[in-house]
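Novice: Protein chains in written order, with our numbering: chain A, 495 to 609; chain B, 21 to 129.
Here a beta-carbon is modelled for each residue, glycine too, at the ideal position from N, C-alpha and C.
Listed below in structure tokens is the structure:
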């Protein structure tokens with residue numbers, strides 16, 4: 495149980511395009527989902543916390559207009575990187591927390607390469 | 021001062037040895053604690069929760085020391101497959117998780 499999927503797993507795109515990443519909890523409902531970013535050899539950095547049916551809470555330094563988050567249902571959250579640039583190239587990982595639990599379960603991540 | 025601190029390593033350990041590493045946290049009101057494991061280029065996976073009484077899962081033992089504000093992870097009879105980065109996670113309440121930067125462990129044959 496507690497499986498989280500992410501799609502796509504790899505994205506290569508041109509600078510200036512927008513990229514949408516989906517995060518789904520497959521066998522549980524997740525009131526809260528989290529979006530992280532990890533650069534090579536660095537720790538996970540929380541970008542934003544996404545609550546179903548409400549606006550996401552962004553961490554300091556994360557541009558909400560650049561990283562659009564939508565959490566329209568209890569099993570799906572999406573992250574859209576708008577007008578992506580090479581410095582946005584990173585490993586984007588989502589996690590989902592089952593309702594009333596502390597544990598977060600992670601998706602397999604999405605590697606984004608912006609050329 | 022970082023809220024959750026870990027020695028980044030790497031810890032180079034021969035196969036079969038016992039290895040332990042700690043994680044310190046700054047918020048004394050932190051409520052719960054976890055160890056995650058992250059393999060290279062993969063997502064983190066929950067290894068174990070850390071309870072006040074300590075807990076053991078096979079070769080892995082986790083301990084919490086509230087007085088000194090640290091948690092520890094002990095791995096006995098280490099295997100090559102234990103090579104990974106081990107992430108310490110602290111729940112400061114209201115599901116606010118604070119992540120350590122991780123300790124890299126390399127098990128050598």
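Mind listing the chain B neighbours of residue 602 of chain A? Cutoff is C-beta to C-beta under 8 Å, in chain order.
Specialist: Taking the first chain and counting its residues from 1, the one referred to as residue 602 of chain A is at position 108. Simply 62, 63.
Novice: If I'm right that residue 591 of chain A touches residue 524 of chain A with Cβ under 8 Å, what's the distance once you round it to whole angstroms?
Specialist: Locating residue 591 of chain A in the first chain gives position 97, counting from the first residue. Locating residue 524 of chain A in the first chain gives position 30, counting from the first residue. Residue 591 of chain A to residue 524 of chain A, Cβ: 6 Å. Contact.
Novice: Which of helix, strand or coil does DSSP assign to residue 581 of chain A?
Specialist: Against the first chain, residue 581 of chain A aligns to sequence position 87. Residue state, collapsed to three classes: helix.
Novice: Quick check on the DSSP output: the beta strand (DSSP E) that includes residue 543 of chain A runs from which residue to which?
Specialist: As a first step, residue 543 of chain A is located in the first chain; it is residue number 49 there, counting from the start. Taken as a continuous stretch (DSSP letters only), the beta strand (DSSP E) holding residue 543 of chain A covers 539-545.
Novice: Under the rule that 16 or more other beta-carbon atoms within 10 Å means buried, what is residue 505 of chain A, buried or exposed?
Specialist: Along the first chain, one-based indexing puts residue 505 of chain A at 11. Answer is buried; the Cβ neighbour count reaches 16.
Novice: Quick check on residue 32 of chain B: buried or exposed, where buried means 16 or more other Cβ atoms within 10 Å of its Cβ?
Specialist: As a first step, residue 32 of chain B is located in the second chain; it is residue number 12 there, counting from the start. Answer is exposed; the Cβ neighbour count stays below 16.
Novice: Output, in chain order, the set of chain A residues within a Cβ distance shorter than 8 Å of residue 119 of chain B.
Specialist: Indexing the second chain from 1 puts residue 119 of chain B at position 99. Here the neighbours are 537, 538, 540.
Novice: On the DSSP bridge list, what partners appear for residue 595 of chain A?
Specialist: To locate residue 595 of chain A, count along the first chain from 1; it is residue 101. Residue 595 of chain A pairs with nothing; no bridge assigned.
Novice: Could you give the C-beta distance for residue 120 of chain B and residue 100 of chain B, rounded to a whole number, given that I count them as a contact under 8 Å?
Specialist: As a first step, residue 120 of chain B must be located in the second chain, where it is residue number 100. As a first step, residue 100 of chain B must be located in the second chain, where it is residue number 80. With 8 Å as the limit, residue 120 of chain B and residue 100 of chain B do not qualify as a contact, their Cβ atoms being about 24 Å apart.
Novice: Kindly give me the distance between the Cβ atoms of residue 104 of chain B and residue 61 of chain B, rounded to whole angstroms, as I take these residues to be in contact under 8 Å.
Specialist: For this step, residue 104 of chain B is matched to residue 84 along the second chain. For this step, residue 61 of chain B is matched to residue 41 along the second chain. Contact flag wrong, Cβ pair sits at about 11 Å.
Novice: Given that a residue counts as buried once 16 or more other Cβ atoms are within 10 Å of its Cβ, and exposed if not, what is residue 503 of chain A?
Specialist: Taking the first residue of the first chain as position 1, residue 503 of chain A is located at position 9. Exposed, because fewer than 16 other Cβ atoms sit within 10 Å of the Cβ of residue 503 of chain A.
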